[in-house]
Structure formats: C-alpha cells, structure tokens
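J.:
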Amino acid sequence: MTNPRLGIVIPVYNEGESIGRTLDAVAAQVATPHRISLVYDFDEDNTLAVVQSRPGAGSDIRLIKNPRPGVVSALKTGLRQAEEEYVLVTMADMSDDYADVDTMCRLMDQGYDLVCGSRYMGGGRQFGGPVFKKVLSRLAGITLCYLARIPTSDATNSFKLYRKRMLDALSFESDGGFEIGMEIVVKAHALGYKVTEIPTCWTDRTAGTSRFRLIRWAPYYLRWYLAALRYRLWP
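FYI, in the numbering used here the residues of the sequence shown are 2 to 236.
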C-alpha cells in the first residue's frame with residue numbers, strides 16, 4: 002500500500018487464536034487507507050504463522066520484532082517506527098470496536114491531535130472483564146476528567162488515535178506496560194495539544210490470554226494519575 006494515512010499498531014504475544022479475526026475485522030470496518038504493524042517479541046510467536054499464511058500477506062501488514070521483550074517496549078517501538086500521519090493503538094483480542102476508527106480519523110482531520118475511545122462517556126459501554134479493574138479504571142478516568150480537566154473520561158483505555166507529529170515531539174517514560182497510553186494523554190493535555198474522545202464499546206477477550214497485570218502495573222498508572230493532578234495544580 003502506498004502512503005496510507007493511518008498506521009495501526011498491535012502488540013502481539015501468541016495471538017494465533019484471534020489475530021485472523023482481528024485482521025478481518027479491521028479490513029471490513031476501517032475504510033481509511035491504513036497499514037497494520039504487528040510488534041512481536043520472539044520468532045516462535047504463533048501469531049506469525051497465521052499472518053504469514055494469509056492470502057496477500059505483507060501488502061498492508063508489516064511485522065516488527067520488538068528489540069526488548071515486553072508490552073511497553075512493543076508499544077514504544079510501534080509508535081516510534083510508525084510512518085503514517087495518524088497512529089492507532091489497539092489489541093489483537095477483538096476487544097476494541099473498529100467501527101469507530103473512521104470517526105476518530107475524521108476528528109483528526111478537524112484538527113485534533115489525540116482521540117480517545119471512551120467506555121465511560123455517554124454512549125460508551127464495557128462488556129466483561131474483572132470487576133475490580135473496571136471500577137479502578139472508571140474511577141481514575143472520571144476523577145481525572147473533573148479534577149485535572151483531562152478532556153476524556155477514559156484516560157486508561159489503550160484504544161487511542163494519535164497524530165504522529167505529536168508523538169514525535171513527546172518523550173516516553175513509561176516502563177511498566179499499558180500505562181503508556183495514559184502517559185501520552187496526560188502529557189499531550191499538559192502541553193496544549195487538542196484532545197477529545199468518542200464513545201466506544203469494549204468487550205473482554207474470548208480467546209487467548211490477557212497480558213494485563215493489574216497489581217503489577219497499578220503503581221505505574223498511579224504515577225501518571227498524580228502527574229495529571231500536579232500539572233493541573235502547578236502548570
């Protein structure tokens with residue numbers, strides 16, 4: 002594909018059970034010209050065989066080996082190596098609603114720098130997942146929206162669309178996991194970039210194993226939660 006406007010970054014770890022359905026869903030629901038970057042840790046990952054066996058593999062999908070194993074490194078690598086004007090982060094577990102992606106791109110066309118998929122604004126929904134994790138993420142998102150004036154009610158959701166030019170202007174400090182999405186929205190807002198949100202539906206995975214580690218990563222999310230409050234009180 003020549004010069005697609007949208008890059009879709011998907012970190013993968015043995016997603017052979019779900020990657021085919023994910024790629025089919027993106028193809029069916031995303032009309033914006035795009036290229037998918039799958040970032041993997043090791044050559045034996047069962048995702049790779051499924052992708053490479055697909056008809057036309059390689060025309061709009063590229064495989065990127067993560068230089069340092071781990072999801073946060075995979076996300077950093079995908080975001081840094083993206084060449085497209087807009088960059089979407091999503092997972093390979095069919096949890097995100099790709100029918101929202103074209104709307105997100107249209108908002109970027111209107112001048113926004115970051116569009117957040119929100120489970121917690123009006124019209125957003127969340128199906129399944131651990132109750133404690135759901136309560137914490139909802140509480141964090143809503144309190145940041147009101148207390149820190151972050152213009153999204155769901156700062157912790159990874160399903161976000163970024164302007165590549167903005168990403169290139171930011172430094173990434175996260176070293177835990179998926180909290181990098183929260184770091185970016187906090188920094189973008191603090192630096193005056195235009196941030197908005199749209200309602201989205203999130204559905205817990207039905208195949209494979211989640212790599213989200215709530216107890217291990219909670220302190221990393223707390224770091225950026227407190228940073229958002231600090232930016233608000235002492236800009």
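Cβ atoms here follow ideal geometry from the backbone N, Cα and C, with glycine treated the same way. Remember, predicted model here, so these are calculated numbers, not experimental data.
Which of helix, strand or coil does DSSP assign to F128?
T.: As a working note, residue 128 is residue 127 in the sequence shown. Correct three-state label for F128: strand.
J.: Among L80, E18, A228, which one has its Cα closest to the Cα of L7?
T.: Within the sequence shown, residue 7 is the residue found at index 6, counting from 1. Of the listed residues, the one whose Cα sits closest to L7 is L80.
J.: Check whether the stretch 95–104 and the stretch 19–38 are in contact - that is, three or more C-beta pairs closer than 8 Å.
T.: Yes, they touch.
J.: Indicate the three-state DSSP secondary structure (helix, strand or coil) for E198 in the structure shown.
T.: As a working note, residue 198 is residue 197 in the sequence shown. In this structure, E198 counts as strand in the three-state DSSP scheme.
J.: Which whole-angstrom value is the C-beta distance of T298 and Y222, which I expect to be below 8 Å?
T.: Beyond the ends of the chain as shown, which are 2 and 236, falls residue 298; an answer cannot be given.
J.: Looking only at C-alpha atoms, which of M92, E85, A93 sits nearest to M109?
T.: Taking the first residue of the sequence shown as position 1, residue 109 is located at position 108. Comparing Cα positions, the closest option is E85.
J.: If you drop the 5 nearest sequence neighbours on each side, which residues of the same chain put their C-beta closer than 6 Å to that of T153?
T.: The residue given as residue 153 occupies position 152 in the sequence shown. Same-chain partners within the cutoff: C117, S119, E198.
J.: Taking the beta strand (DSSP E) that R166 belongs to, which residues open and close that run?
T.: On the sequence shown, residue 166 is found 165 positions in, with the first residue counted as 1. Segment 165–170 is the alpha helix (DSSP H) holding R166; no beta strand (DSSP E) there.
J.: To the nearest angstrom, how far is the alpha carbon of C106 from that of Y87?
T.: Taking the sequence shown and counting its residues from 1, one reaches residue 106 at position 105. Taking the sequence shown and counting its residues from 1, one reaches residue 87 at position 86. Rounded to the nearest angstrom, the two C-alpha atoms are 8 Å apart.
J.: Closer than 8 Å by C-beta to M167: which residues in its own chain qualify, once you throw out the five before and the five after it? Chain order, please.
T.: Along the sequence shown, one-based indexing puts residue 167 at 166. If you ignore the 5 residues before and after M167, its C-beta comes within less than 8 Å of the C-beta of D114, L115, A189, Y194, all in its own chain and listed in chain order.
J.: Is R6 helix, strand or coil when you go by DSSP?
T.: Translated into positions along the sequence shown, residue 6 becomes position 5. Residue state, collapsed to three classes: coil.
J.: In whole angstroms, give me the CA-to-CA distance for D159 and V73.
T.: On the sequence shown, position 158 is the one that residue 159 refers to. On the sequence shown, position 72 is the one that residue 73 refers to. Reading the sequence as shown, one finds Ser at residue 159 and not Asp. Distance between the alpha carbons of S159 and V73: 12 Å.
J.: Closest by CA to V90, which one among T23, G17, I9, S175?
T.: Against the sequence shown, residue 90 aligns to sequence position 89. Ranking T23, G17, I9, S175 by Cα distance to V90 puts I9 first.
J.: Note the first and the last residue of the continuous beta strand (DSSP E) segment covering L108.
T.: Counting from one through the sequence shown, the residue named residue 108 turns up at place 107. Run containing L108: none in the beta strand (DSSP E); it sits in the alpha helix (DSSP H), 102–110.
J.: Beta strand (DSSP E) containing S119: first to last residue?
T.: In the sequence shown, the residue the question calls residue 119 occupies position 118. Segment 115–119, the beta strand (DSSP E) holding S119.
J.: Report the rounded CA-to-CA distance for D169 versus Y163, giving the unit in angstroms.
T.: If you number the sequence shown from 1, residue 169 lands on position 168. If you number the sequence shown from 1, residue 163 lands on position 162. The straight-line gap from Cα to Cα measures roughly 10 Å.
J.: So is R69 buried or exposed if we call it buried at 16+ other beta carbons inside 10 Å?
T.: Here residue 69 refers to the residue found at position 68 when the sequence shown is read from its first residue. Under this definition R69 is an exposed residue.
J.: F179 to P56, Cα distance in whole Å?
T.: The sequence position of residue 179 within the sequence shown is 178, counting from 1. The sequence position of residue 56 within the sequence shown is 55, counting from 1. Approximately 31 Å, taken between the alpha carbons.
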